[in-house]
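**Student:** One structure is given below, represented as structure tokens, and several questions about it will come after.
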Amino acid sequence: MPNINKLNLSDDDLPGFNPQAMPQGLGIRVTPPQPGVYRFRLPESPAIENVFDTIETEDSQILIAVFSDDASLYNVTLRQPYNARVTNRFREINLLNPETGEKEPTLISDYGMLLKAVGATPDKVSNKYLAAALANAGGKEFIAEHTLTANCNPKREIWQNGEQVKGKYGCGRNYGVEAWKGKKSEQFAIPVDDDGKVALRFKCKCDAELRSWSKLQGFRGV
Numbered sequence: 000m001p002n003i004n005k006l007n008l009s010d011d012d013l014p015g016f017n018p019q020a021m022p023q024g025l026g027i028r029v030t031p032p033q034p035g036v037y038r039f040r041l042p043e044s045p046a047i048e049n050v051f052d053t054i055e056t057e058d059s060q061i062l063i064a065v066f067s068d069d070a071s072l073y074n075v076t077l078r079q080p081y082n083a084r085v086t087n088r089f090r091e092i093n094l095l096n097p098e099t100g101e102k103e104p105t106l107i108s109d110y111g112m113l114l115k116a117v118g119a120t121p122d123k124v125s126n127k128y129l130a131a132a133l134a135n136a137g138g139k140e141f142i143a144e145h146t147l148t149a150n151c152n153p154k155r156e157i158w159q160n161g162e163q164v165k166g167k168y169g170c171g172r173n174y175g176v177e178a179w180k181g182k183k184s185e186q187f188a189i190p191v192d193d194d195g196k197v198a199l200r201f202k203c204k205c206d207a208e209l210r211s212w213s214k215l216q217g218f219r220g221v
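Under numbering that gives the first Met the number 0, think of the first position of the sequence shown as 0, with each following residue one higher.
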């Protein structure tokens, strides 16, 4: 290779190219750790301002925080980046009302529990205020359970032997660290590898090649 001083390098500006505006770590795939309870740190400002996205449905707008690249979470316990998606999709659970002593239906979301864990719950609960609350919580830490999930998507063509199989779609099975069966749905256990660890890559019952993905739950403050 020639020396830099021997190249006839142009001194013309490169239109639209700004290295300072580029995110760090773009495209780096972070290997998920094994399931467990870890301590995490939110990305600092201004990176945390770029984690937001939405899902538009017929009757609502669902807020999502996508932590990746230079806006990844930081796993303080393992001292490494951690990629995750935390959504404000509601689900209903029954919580005990201490005043009445009875259980009452309550709407919760992972996003809302994350805000509570870092002490950033806003007075108003519109998506605008919920996003601003998280954006202002940059650098704060919380504890959460990291688990692994996988899905053999019936809307996507499967992969076998490292290649996508045209016209063959997933069987719809859902996988998690533990198996369970409900009235309307069922979760199968992700297999364990030869080292006794939950597999990050495995084959579905239909022979589709699947990958385990990170999921956070059980948020609480430090």
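Glycine residues also receive a C-beta, built at the ideal position from the N, C-alpha and C atoms.
If you draw a straight line from the C-alpha of Glu91 to the C-alpha of Gly111, how long is it?
**Tutor:** Roughly 13 angstroms between the two C-alpha positions.
**Student:** Could you have a look at Glu98 and say whether DSSP puts it in helix, strand or coil?
**Tutor:** Looking at Glu98 - three-state DSSP - the assignment turns out to be coil, as it is neither helix nor strand.
**Student:** Assuming Asp206 contacts Gln159 under a Cβ cut-off of 8 angstroms, what Cβ separation, rounded to an integer in Å, is found between them?
**Tutor:** With a Cβ gap of about 6 angstroms, Asp206 and Gln159 count as contacting.
**Student:** Any idea if Tyr81 is buried or exposed, counting beta-carbon neighbours within 10 angstroms, 16 or more meaning buried?
**Tutor:** Counting Cβ neighbours within 10 Å, Tyr81 comes out buried, since at least 16 surround it.
**Student:** Since Ser213 sits in a beta bridge, which residues does DSSP pair it with?
**Tutor:** Beta-bridge pairing links Ser213 to Leu147.
**Student:** Thinking Ala149 and Arg210 are a contact (beta carbons under 8 angstroms), I'd like their distance in whole angstroms, please.
**Tutor:** Yes, Ala149 and Arg210 are in contact; Cβ-Cβ is about 7 angstroms, under 8 angstroms.
**Student:** The alpha helix (DSSP H) that contains Asp109, what's its start and end?
**Tutor:** Asp109 to Ala116 is the extent of the alpha helix (DSSP H) around Asp109.
**Student:** Could you check how far apart the C-beta atoms of Arg88 and Ile107 are, in whole angstroms? I think they sit under 8 angstroms.
**Tutor:** In fact, because the Cβ distance is near 10 angstroms, the residues do not count as touching under 8 angstroms.
**Student:** Is Lys202 helix, strand or coil by DSSP?
**Tutor:** Looking at Lys202 - three-state DSSP - the assignment turns out to be strand.
**Student:** Leaving out five residues on either side along the sequence, give the residues of the same chain with a beta carbon under 8 angstroms from the beta carbon of Ser184.
**Tutor:** Cβ within range, chain order: Asn173.
**Student:** What separation, rounded to the nearest whole angstrom, lies between the Cα atoms of Asn126 and Gln79?
**Tutor:** So the two alpha carbons sit approximately 30 angstroms from each other.
**Student:** How many Å lie between Lys180 and Gly171 at the Cα?
**Tutor:** In a straight line, the C-alpha of Lys180 is about 15 angstroms away from that of Gly171.
**Student:** DSSP three-state call for Lys180: helix, strand or coil?
**Tutor:** Strand at Lys180.
**Student:** Strictly by DSSP, which residues pair up with Arg38?
**Tutor:** DSSP, once it has assigned bridges, lists Ile142 as partnering Arg38.
**Student:** Output yes or no for whether 8 angstroms exceeds the beta carbon distance between Ala70 and Val50.
**Tutor:** Contact flag set, yes.
**Student:** Look at Glu144 and Gly217 and say whether their C-beta atoms are less than 8 angstroms apart.
**Tutor:** Going by C-beta atoms, Glu144 is nearer than 8 angstroms to Gly217.
**Student:** Looking only at DSSP bridge pairs, what is Thr86 linked to?
**Tutor:** For Thr86, which the question treats as bridged, DSSP gives the partners Ile63.
**Student:** In the DSSP assignment, find the unbroken beta strand (DSSP E) run with Ala188 in it and report its ends.
**Tutor:** Taken as a continuous stretch (DSSP letters only), the beta strand (DSSP E) holding Ala188 covers Glu185 to Ala188.
**Student:** Could you name the residues that DSSP lists as bridge partners for Gly220?
**Tutor:** Phe141.
**Student:** Can you tell me which of Gly169, Ala178, Thr146 and Asp11 puts its alpha carbon nearest to the alpha carbon of Arg155?
**Tutor:** For the residues Gly169, Ala178, Thr146 and Asp11, the minimum Cα distance to Arg155 belongs to Gly169.
**Student:** Our contact map puts Leu147 next to Ser213 with C-beta atoms below 8 angstroms; I'd like the distance itself, whole angstroms only.
**Tutor:** Right, the Cβ-Cβ distance comes to about 7 angstroms (below 8 angstroms), so this counts as a contact.
**Student:** Taking only three categories from DSSP, how would you classify Asn173?
**Tutor:** Reduced to three states, the DSSP call for Asn173 is strand.
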